[in-house]
Amino acid sequence: MTLEQTIFWLGVTLLGLFLSALFSGMETGVYCVNRVRLIVRAAGAGGHAPDWSANLLRRELDRPDRILATLLIGNNGANYLGSLGITALLSGAGHGDWAIVAINAAILTPLLFIFGETLPKDLFRAEADRLSPRLAPALVAVRWLATITLMLPLVRGFAAIVTRLLGGEGEAALRTAREKIGALLKEGVRHGVLTESQTALLDRAFTLRDLRVRDRMTPWRQVAWIGADWPRERIENALRSRPFSRWPVVDGHGKIVGVLESLRLWTAPNAKPRSLIKPPTRLKPTDSVRTALLKMREARTRTAIVEENGRPVGIVSIKDLVEPLTGPLVAW
């Protein structure tokens, strides 16, 4: 083997080792990068210009199966280059096949483990936020190359087939979008981007979406009400007995005819109670909290009657509906 050939194959070996280090480090980097800070950098928040490399990495991370397949292909290609270079150097030095295999295992394997795996992974674990965005353009270039050569579609297709055969549905089966966001929020707290109180508020906001009116209403058997045909004196006695600001009004058949506000009754001593009754806002037990709040806002009321099949099953206030988000409200 000539000197030029030796230099060439030595360069191939070193290139394979270098690329293996980059792909191994990048694999750790995409797991360790702070997603919250990455989004902030990509958006250019805080008066800073948008970071295009951070935005590039953010878009790649939106397709985790694709980015991991790209890194897998790149790492295997780099390892092949390193092995090819070592084999050519040993073959040029006159070693036989078995000697090449033995020396390859004795030299290349430790080199790849130390310089191509361990050291770069430790480096990217410590500097993921700084190094990962810088290598995003190179990662995109490798992805395009792997796509053009059909390696990436083949790897992803094979992975999808295996996943289906094993009964999984990929990442979507492992974590819902809400769980992903929850993980991002926890990561934001861990890195000091979000406070505990901010994260608690967002967690409650996610929980609120699953709540229904039946989860927050007061059951009808616990509700104090007044009769539509009651005389004023009896109504006043009922209002004095309990400190409620709004009372459901029920007719002789047990149906809701409206809601009476205590304040309106006390400020109109000469008015007939029936003339002070407001039409009720009716909700279903299965209505979401969001739907209930919208209906009550449109009706400009703070209290709604929960009905099922035309019969009252409970009562709910805006306070009941918003407390899962805000926490207990003492004054209302």
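Per my numbering, the sequence shown starts with residue 1410, numbered consecutively. No residue lacks a Cβ here, since even glycine has one placed at the ideal position from N, Cα and C. The model shown is predicted, which means the values in this text are computed figures rather than measured ones.
Under 8 Å by Cβ, that's how I've got residue i and residue j pegged, so tell me the actual separation to the nearest angstrom.
| i | j | result |
| --- | --- | --- |
| L1669 | V1658 | 5 Å |
| S1462 | P1529 | Rounded, the Cβ-Cβ distance is 19 Å, inconsistent with contact. |
| L1490 | V1421 | 6 Å |
| G1566 | A1430 | No, G1566 and A1430 are not in contact; Cβ-Cβ is about 29 Å, not under 8 Å. |
| I1635 | A1647 | 5 Å |
| P1733 | R1613 | 6 Å |
| K1428 | A1515 | A quick correction: the sequence has Leu, not Lys, at residue 1428. Not quite, the Cβ-Cβ distance comes to about 22 Å (not below 8 Å), so this is no contact. |
| R1450 | D1460 | 4 Å |
Are residue i and residue j close, meaning C-beta to C-beta below 8 Å?
| i | j | result |
| --- | --- | --- |
| V1715 | G1723 | yes |
| D1471 | A1568 | no |
| A1537 | V1442 | yes |
| L1617 | P1542 | no |
| T1496 | I1509 | yes |
| A1633 | F1653 | yes |
| T1690 | A1708 | yes |
| I1416 | V1439 | no |
| R1711 | I1727 | yes |
| E1469 | L1548 | yes |
| Q1414 | G1501 | yes |
Based on Cα-Cα distance, which residue from the options lies nearest to residue i?
| i | options | result |
| --- | --- | --- |
| R1655 | L1674, G1663, I1509, G1661 | L1674 |
| G1494 | G1663, L1426, R1651, R1621 | L1426 |
| R1621 | R1444, L1540, A1701 | A1701 |
| N1513 | L1499, L1544, G1503 | L1499 |
| H1662 | L1544, R1720, A1502 | R1720 |
| P1688 | V1445, A1713, L1703 | A1713 |
| D1729 | L1703, R1706, K1704, V1698 | V1698 |
| L1540 | L1703, L1447, K1704 | L1447 |
| N1359 | A1555, I1523, W1418 | Here the chain covers residues 1410 to 1741 and nothing more, so residue 1359 does not appear. |
| L1424 | R1573, L1412, S1492 | S1492 |
| R1651 | Q1631, W1507, R1552 | Q1631 |
| R1649 | G1667, S1671, A1637 | S1671 |
Quickly, what does DSSP pair residue i with across the bridge? List them, please.
| i | result |
| --- | --- |
| I1495 | The partner list for I1495 (beta bridge, DSSP) is empty, contrary to what the question assumes. |
| S1429 | According to DSSP, which records beta bridges pairwise, S1429 is partnered with nothing at all. |
| L1692 | V1715 |
| E1469 | Paired residue(s): none; E1469 is not in a bridge. |
| I1448 | I1448 pairs with nothing; no bridge assigned. |
| W1656 | L1669 |
| K1687 | V1668 |
| P1640 | Bridge partners of P1640: none, in fact. |
| I1635 | V1658 |
| P1733 | Looking at the DSSP assignment, P1733 forms no beta bridge with any residue, so it has no partner. |
| V1725 | A1713 |
| P1628 | G1723 |
| S1697 | R1621 |
Strictly under 8 Å for the Cβ-Cβ distance: is residue i near chain B by that measure?
| i | result |
| --- | --- |
| A1511 | Here chain B cannot be found, since the structure has a single protein chain. |
Consider the C-beta atom of residue i and the heavy atoms of the ligand GDP; say whether any pair is separated by less than 7 Å.
| i | result |
| --- | --- |
| V1449 | Ligands in the displayed structure: none, and consequently the ligand GDP is not present. |
### Message
With three or more C-beta pairs closer than 8 Å as the rule, is the stretch 1680-1700 touching the stretch 1616-1627?
### Response
yes
### Query
Would you call the stretch 1632-1645 and the stretch 1674-1682 in contact, with 3 or more CB pairs under 8 Å?
yes
### Task
Report yes or no: do the stretch 1421-1438 and the stretch 1467-1483 share at least 3 C-beta pairs separated by less than 8 Å?
yes
### Query
Does the stretch 1557-1577 touch the stretch 1517-1528, meaning 3 or more C-beta pairs lie closer than 8 Å?
no
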